[in-house]
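**Student:** Per the numbering used here, the sequence shown starts with residue 181, numbered consecutively.
Where is the CB? At the ideal position from N, CA and C, for every residue including glycine.
Here the structure is a predicted model, which is why all the values come from computation and not from measurement.
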Amino acid sequence: NTTLTVVLYEFGTNPKSTRPTSSFQLYVYSSDDYLINYINSSLIISNFLPIPLSFLSITLSNYTNSINAVYSFYIQQLVAWDNSSYIDINLPPTITPSNNSPICTDLIAAANLSCTVTNSTSIKVTVPNSLSILSLSISSLKNSPSFRTSSYFSVSTYTSDGYMYATDSSVN
Numbered sequence: 181n182t183t184l185t186v187v188l189y190e191f192g193t194n195p196k197s198t199r200p201t202s203s204f205q206l207y208v209y210s211s212d213d214y215l216i217n218y219i220n221s222s223l224i225i226s227n228f229l230p231i232p233l234s235f236l237s238i239t240l241s242n243y244t245n246s247i248n249a250v251y252s253f254y255i256q257q258l259v260a261w262d263n264s265s266y267i268d269i270n271l272p273p274t275i276t277p278s279n280n281s282p283i284c285t286d287l288i289a290a291a292n293l294s295c296t297v298t299n300s301t302s303i304k305v306t307v308p309n310s311l312s313i314l315s316l317s318i319s320s321l322k323n324s325p326s327f328r329t330s331s332y333f334s335v336s337t338y339t340s341d342g343y344m345y346a347t348d349s350s351v352n
């Protein structure tokens with residue numbers, strides 16, 4: 181029996197989301213290229229960490245307290261998301277959706293996007309295409325009742341089956 185330890189540094193790229201990887205294969209060859217042995221691993225590699233968004237900015241149409249405003253999000257990540265991926269936007273507690281059906285618009289494609297209020301402080305926006313940049317407006321968000329600095333918006337992007345690509349926060 182011979183033990184072989186293989187360590188690969190800076191070999192390959194981690195997956196683009198936190199989805200666990202599938203198995204891997206290891207082949208051992210002699211110096212004259214004859215197959216000696218091979219292993220089909222059932223080891224699943226997981227616990228990948230999401231990366232920060234490349235860029236996140238948030239602006240609003242009106243800074244008056246306690247009125248409905250349109251919030252614009254410019255979101256960019258390093259890798260393109262898959263079709264039907266989604267963005268989860270967690271709102272600060274002082275900013276609330278004025279109804280359960282805000283209007284979400286892709287400002288680049290000039291198209292409405294599917295978006296829903298998933299709880300009183302979170303909005304889920306479905307991304308129909310495989311880009312890595314989205315300029316998004318969300319209507320019907322009620323501004324904070326005071327000039328006091330609000331807490332953070334948290335923006336995370338996910339695969340259609342719920343594995344995170346990237347995440348970041350921004351002060352508004």
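#1: Cβ of Phe253 within 9 Å of Cβ of Ile313?
#2: Relative to the C-alpha of Pro282, which residue among Pro308, Leu316, Thr274 is closest?
#3: Using a Cβ-Cβ cutoff of less than 8 Å, which residues in the same chain neighbour Leu302 once the five nearest sequence positions on both sides are dropped?
#4: Whether or not the stretch 344-351 and the stretch 228-238 are in contact is what I'm after, with contact meaning three or more pairs of Cβ atoms, one per stretch, closer than 8 Å; do they touch?
#5: Can you tell me the Cα-Cα spacing of Asp260 and Ser310, whole angstroms?
#6: Please state the DSSP three-state secondary structure of Ala291.
#7: Is the number of C-beta pairs between the stretch 319-335 and the stretch 273-289 that are closer than 8 Å three or more?
#8: Would you call Ser326 buried or exposed, if buried means 16 or more other Cβ atoms sit within 10 Å of its Cβ?
#9: Can you tell me whether Phe235 is buried or exposed? The criterion is at least 16 other CB atoms within 10 Å of its CB, across all chains shown.
#10: Is it true that the CB of Ser340 sits closer than 9 Å to the CB of Asp262?
#11: May I ask you to report which of helix, strand or coil DSSP gives Ser336?
#12: Report buried or exposed for Asn323, applying the criterion of at least 16 other Cβ atoms within 10 angstroms of its Cβ.
#13: Between which two residues does the beta strand (DSSP E) holding Asp341 run?
#14: Could you have a look at Asn248 and say whether DSSP puts it in helix, strand or coil?
#15: Considering just the uninterrupted stretch of the beta strand (DSSP E) at Phe235, what are its terminal residues?
#16: Let me know the secondary structure DSSP gives Tyr243 once reduced to three states.
#17: Spatial neighbours of Ser237 within its chain, please: C-beta separation below 6 Å, excluding the five flanking residues on both sides.
#18: Strictly by DSSP, which residues pair up with Gln256?
**Tutor:** Result, derived from the coordinates:
#1: no
#2: Leu316
#3: In the sequence under discussion, the amino acid at residue 302 is Ser, which differs from the Leu named in the question. Counting only Cβ-Cβ distances below 8 Å, and skipping sequence neighbours, we find Asp268, Ile269, Asn270, Leu271.
#4: yes
#5: Just to set this straight, residue 260 is Ala in the shown sequence, not Asp. Each residue's alpha carbon lies about 6 Å from the other.
#6: strand
#7: yes
#8: exposed
#9: exposed
#10: yes
#11: strand
#12: buried
#13: No beta strand (DSSP E) contains Asp341, which DSSP labels as neither H nor E.
#14: strand
#15: 235-240
#16: coil
#17: Tyr254
#18: Phe235, Ile313
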